[in-house]
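Under this note's numbering, the very last position in the sequence shown is 142; numbers go up by exactly one each time.
Take a look at the structure below.
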Amino acid sequence: MPPTFKIWVASLLVLYFKMHFNSAMQKRGRVAAGGYPRPEDAEMFGLAHKEDTGLAWRAGRCWQNDLENIPLYLFVSLAYVLAGGPELWAYVLFGAFTAARVAHTACYLLSLQPWRLICYATAHFAQLAILGFVVHRVFLAM
């Protein structure tokens, strides 16, 4: 097993638990607001039927952002592992992406701009660099 695979799995685990933390924040926000956006959930938990606001809304938007960014990262970074990318750059780039996404969630939940944008951009550019390594290793390296 290449050492980059262990780095990839560590990144995957951190992102997995980060997303579950975010889901817990959405639940906390809904309970604090006393309602759920879907009637059957509201009825099951004995709360009002109402749209998400505050923390629940922010956690929901953060969740959507994760779903738009993390799966693509996991595919691109796994391609990096399979293409035999350098271990040092896996630590740097996988670590940068993962740390930036964790920070992005914190900034999203706490309404911190421009830090949220900086975290998003950091993760985005780390992912582009990973993709650059993949393209180079697969199509250009001899």
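We treat Cβ as the ideally placed atom computed from N, Cα and C, and that holds for glycine.
Reduced DSSP category for Gly-34 - H, G, I as helix; E, B as strand; rest coil: Translated into positions along the sequence shown, residue 34 becomes position 34. Gly-34 falls in the coil class under three-state DSSP.
Under 8 Å, with one C-beta from each stretch per pair, do the stretch 71–80 and the stretch 126–142 reach the 3-pair mark? They touch, by the three-pair rule.
Using the Cβ count rule (16 or more neighbours within 10 Å means buried), how would you classify Gln-26? Residue 26 sits at position 26 when you count from the first residue of the sequence shown. Around the beta carbon of Gln-26, 16 or more other beta carbons lie within 10 angstroms, which makes this residue buried.
Spatial neighbours of His-49 within its chain, please: C-beta separation below 7 Å, excluding the five flanking residues on both sides. Sequence index remark: in the sequence shown, residue 49 carries index 49 (1-based). Answer for His-49: Gly-35, Tyr-36, Pro-39, Ala-42, listed in chain order.
Spatial neighbours of Cys-107 within its chain, please: C-beta separation below 6 Å, excluding the five flanking residues on both sides. By 1-based counting over the sequence shown, the position of residue 107 is 107. Sequence-distant Cβ neighbours of Cys-107 in its own chain, meaning closer than 6 Å and more than five residues away, are Trp-115, Arg-116, Cys-119.
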